[in-house]
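J.: Under our numbering, residues 785 to 841 are what the sequence shown spells out, in order.
Before anything else, here's the structure in question.
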Amino acid sequence: MPAPLDAWGSPTLRWRREDSLPWSTLDDVTKAEQALSRLMLAAELATWNEGKEMDEQ
């Protein structure tokens, strides 16, 4: 069953409605990216350490 026509009408209008991020400046975006990068690195290291421990057993 095809999607309703309004879903295909104007994706930019839909994106504007969905965009509720409170970032108003480039500094805000940069700070958010840095925080996310740290979280991603921590997750990658944790996964790597788990794999390393399993290899040692």
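Just so you know, even glycine gets a beta-carbon here, dropped at the ideal spot from N, CA and C.
Decide if Met785 is buried, meaning its Cβ has at least 16 other Cβ atoms within 10 Å, or exposed.
T.: Unreliable positioning characterises Met785 in this predicted model, as indicated by a pLDDT of 49, which lies under 50. A coordinate reading is not provided.
J.: Would you identify the three-state DSSP class for Met785, choosing helix, strand or coil?
T.: Any reading at Met785 needs caution, since the residue's pLDDT is 49, under 50, leaving its predicted position unreliable; the model's value is listed next. Coil, per DSSP.
J.: Would you say Ser808 faces chain D, with C-beta separation under 9 Å as the test?
T.: Absent from the structure is chain D; it holds one protein chain and no more.
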